[in-house]
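Quick mapping for you: the protein sequence lines, in order, are chains A and B. Residue numbers for the first sequence follow the numbering used here, so the first one is 170 and each next one is one higher. Residue numbers for the second sequence follow the numbering used here, so the first one is 170 and each next one is one higher. Where is the CB? At the ideal position from N, CA and C, for every residue including glycine. Model, not experiment: these values are computed from the prediction. What follows is a single structure, written as structure tokens, with notes after it.
Number of protein chains: 2
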Amino acid sequence: MNKDMKLLVKKLGVNAKNSFSQMLDASTLQKNQALSDLSEEIYKNSERIILANEMDILQAERDGFDEAFIDRLTIDQKVIDSMRSGLSALINLPDPVGKIDDLREQPSGIMVGSMRVPIGVVLIIYESRPNVTIDAAALCLKSGNAVILRGGSESLNSNTELVKLCKKVLKKNALPQNAIQIVPKTDRSIVGKLIEYSEMIDLIIPRGGKSLIEKISKDALIPVIKHLDGICHVYIDDDADLVKATNITLNSKTQRLATCNTLETLLISEKISKRILPKLALMLMKKNVELRVCEKSKEIIKALSFEYSSAAKIATARDWKTEYLSNILSIKIVTNIEAAIKHISKYGSQHTDSIITENHHKAMLFLRKVDSASVMVNASTRFADGFQYGLGAEIGISTNKLHARGPVGLEGLTSVKWIVLGNGQIRV
Amino acid sequence: MNKDMKLLVKKLGVNAKNSFSQMLDASTLQKNQALSDLSEEIYKNSERIILANEMDILQAERDGFDEAFIDRLTIDQKVIDSMRSGLSALINLPDPVGKIDDLREQPSGIMVGSMRVPIGVVLIIYESRPNVTIDAAALCLKSGNAVILRGGSESLNSNTELVKLCKKVLKKNALPQNAIQIVPKTDRSIVGKLIEYSEMIDLIIPRGGKSLIEKISKDALIPVIKHLDGICHVYIDDDADLVKATNITLNSKTQRLATCNTLETLLISEKISKRILPKLALMLMKKNVELRVCEKSKEIIKALSFEYSSAAKIATARDWKTEYLSNILSIKIVTNIEAAIKHISKYGSQHTDSIITENHHKAMLFLRKVDSASVMVNASTRFADGFQYGLGAEIGISTNKLHARGPVGLEGLTSVKWIVLGNGQIRV
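What follows is the structure, encoded as structure tokens:
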């Protein structure tokens, strides 16, 4: 790494840290006004933004990127509108910062409580999706953090244009311009250096492929909010309502195939399996879902016509730990709820798991014993989402166990500190 | 590392993880009964415990350890009593596990809330202080975690005896015996292996010297709750009540000299400095505190008799970032509250800082802008302590910014998960 690069990393870090200090007493009004001005600026400059984006698209096309990539890279009027409606939603969310909780008098006479505070400097590393630039910048602004954005290099023109507008509205509202920064150069070694810069950066949020996230988590000297696998389960208990079980299974698997909260393994209680599996398997296969099933399931599915019964393959050990992210579902018959919980604990990824049952005791047992970020009763796994949970915004979904777990909204971008209000008290 | 060691590490990890699964639905009653039985067992076996401890002491004396070390290693009747009263206190604390918060209906009809859950497997690494064995084991048990204890090798006989009693009461209460394990061998390479074992261990809490904690944090592949520096400040504002300012400064510095929440740097607003500094400096020096002061302070202290005025040395840049942990105090005169906050932000360790002021606006500004684990108004920094904060128990003090910050009690040993209660809802 050459000297210029080192200087650049240092400058980004120091600028961000200084801006964070100034952000610490930014008022809710100031922050909301900046968000509202940003929406206005995006509207007024939409032509400029789209023009900059077209430069990125042209280059990406020349470089031979595929259609899906170009699609994610594209800013059209619809993307502009969705950026702006995201900003409106964020303005309407309560400001988490400064909230004081549990302020209680202690025997010594001091009042002790907690105050919610921004985390500090957040580094967000993401792919060439320029809509994330506004999303992430706005979430960090509202939560009082300073952010360093490192989007995919193919979106650099678009991002530069967008961040220019961010800086403009920060300035206009007497907020530090460097509260939102973009990594200007595209040299990958910069990321390697930034994720080690623990003196200046407090948190890393990588968004993208699993290998990128794993690499960052391994190399970083700073806490990382990470999202790894989503091997989600539905367990159909023998006390399940069969209509609910069918609807929820179909919805969890097929409402969208490639999201992290999509169902990957269906567990069915042995006692009920003959009643539900033939019909359910048929419905799934008619919806084009490939089934990989345990021996017992295969036996039951034999009841179906040859066309379908022969289509269900026998699952291998590998299937239970695979996140297909496509139209494949593994199915296993288990003896009871305890076996289901054991299977989830062994093969699951602690993301999202749901039980279908009308039995209160078993519902509570599942809630208690399944150690996942989201545990559900009689609901589709597809609900594991910041908007569905009422967070109003989402910076990502975390598979960490500490700090932020599951869908991460504004509060996940904050921490707390203890506050002590005294009147001259000393310790005796 | 030989094969036996590797097997041992694996066994510890797998045992702990399996125990944790069983702990997930341990009832409050079960856990409290185990704690109560443990107190009883410690009482009944106090002679055995003290005998085992005497073996450790003899060896440590033979190995030439100093008196302070032996003192920390010793279990006498007083230590036994204090272990038992700690257990009683813990039994009386509410169980954090299973607590459901913010359960709210969302537009889709699902109810979404959070449930407090244990973290999983906790590795605690500490020095040869066998009282920590019971403290840590009991806190982890009450919070539903499985714990692997790695105390200093000089206390191995004592710890083995104590953990034997822990396992006995776990078994008696139908709880998994491996929820509390001790690292049996004293080979240091085991620690190096354990702190990388992220498949089985969820959290590391090192207690001990800074170099040990830094090394573990650097090498670990698992989150670490760490305690680094405690460079604590008191800022005497120009709107301070001088009696409160004097009492709080003296108490923060001298009530105990070597604790992490002891005052290390005193900041005084210039406007009030001539009124308070001469008297305060004299009182401090009479209490045997060595002063290292800025030029302006030195000028003011000149008013004192030669004996005292000459004793105050000029501080160097190094003093502002030193945690003395002894009878030394650095003093700096600052222009105003903003300069004080800037100094704290530049030189502090984000541990504990207190402002002395009667001005409400400045008190609030300090609370908001000082980015430390504990921020105080008109109170001694010595209050930064789990018991003083009403936590009822303390596993340590964290200087982390995420998850647990400041004094860490039972709740710091837990995390949350999302729970979703539906009635057949699917996403549309």
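Within its own chain, the residues whose Cβ lies closer than 7 Å to the Cβ of A:Y493, once the five positions on either side in sequence are excluded, are E433, listed in chain order. The shortest C-alpha to C-alpha distance from B:D408 to any of B:V393, B:A389, B:I437, B:H402 is the one to B:I437. At a cut-off of 7 Å, the C-beta of A:K538 has a neighbouring C-beta in chain B. B:E476 is classed as exposed because its beta carbon has fewer than 16 other beta carbons within 10 Å across all chains shown. In the three-state reduction of the DSSP assignment, B:S543 falls in the strand class, which pools E and B. Every alpha helix (DSSP H) stretch that sits fully inside the segment 216-294 of chain B and reaches 4 residues is listed by chain position as 236-242, 246-261. In this structure the segment 258-275 of chain B does not touch the segment 352-366 of chain B; the number of beta carbon pairs closer than 8 Å is below three. For the 7 Å CB-CB criterion, B:A229 and B:I239 form a contact.
Closer than 7 Å to the CB of A:Q199 there is not a single CB belonging to chain B.
Between the alpha carbons of B:I364 and B:T485 lies a gap of roughly 38 Å. Distance from the CA of A:H396 to the CA of B:T526, rounded to the nearest whole angstrom, comes to 45 Å. Boundaries of the alpha helix (DSSP H) around A:T329: 325-341. Classified as buried, A:E323 has 16 or more neighbouring CB atoms from the shown chains inside 10 Å of its CB.
In this structure A:T418 is in contact with A:L449, their Cβ atoms being roughly 6 Å apart against a cut-off of 8 Å. A check of alpha carbon separations from B:D194 across B:F535, B:L292, B:L181, B:P265 identifies B:P265 as the nearest. Here B:N496 carries a coil assignment [DSSP, helix/strand/coil]. The beta carbons of B:S283 and B:V585 sit closer together than 7 Å. Non-local C-beta neighbours of B:S188 in its own chain, meaning closer than 6 Å and more than five positions away in sequence, comprise A315, P345, N347, A348, ordered along the chain. With a threshold of 7 Å between beta carbons, A:I249 makes no contact with chain B. Put simply, of B:D250, B:I595, B:L176 the residue whose alpha carbon is nearest the alpha carbon of A:T431 is B:I595.
Secondary structure at B:H402: strand, using DSSP grouped into helix, strand and coil. Taking every protein chain shown into account, the CB of B:G233 has fewer than 16 other CB atoms within 10 angstroms, so this residue is exposed. Interface flag for B:N342 against chain A is unset, since no Cβ pair is found closer than 7 Å.
The beta-carbon of B:K413 is placed less than 7 Å from the nearest beta-carbon of chain A. Contact between B:T568 and B:A542 holds: their C-beta atoms lie close to 6 Å from each other, under 8 Å.
Neighbours of B:K179 in chain A, taken as residues at a C-beta separation under 8 Å, are lacking, since the least C-beta distance is about 16 Å. By alpha-carbon distance to B:I279, the top candidate from A:T550, A:K490, A:C401, A:E296 is A:T550. At a Cβ-Cβ threshold of 7 Å, A:P576 and A:G555 count as neighbours. When the beta-carbon positions are compared, A:I500 and A:S466 come within less than 7 Å of each other.
Using a CB distance below 7 Å, the part of the segment 577-594 of chain A facing chain B consists of S584, V585, K586, W587, I588, V589, L590, G591, N592, G593, Q594, ordered along the chain. The C-beta separation of B:D522 from B:V539 comes to about 5 Å, placing the pair in contact by the 8 Å criterion. The alpha-carbon separation between A:N171 and A:P353 amounts to approximately 15 Å.
Residue burial is scored here from C-beta neighbours: A:R231 has fewer than 16 other C-beta atoms within 10 angstroms and is therefore classed as exposed. In the DSSP annotation of this structure, B:V352 is not part of any beta strand (DSSP E), being labelled neither H nor E.
In summary, A:P375 is buried, with 16 or more beta-carbon neighbours lying within 10 Å of its beta-carbon over all protein chains present.
Here B:V597 is exposed: its Cβ has fewer than 16 other Cβ atoms, across all protein chains shown, within 10 Å.
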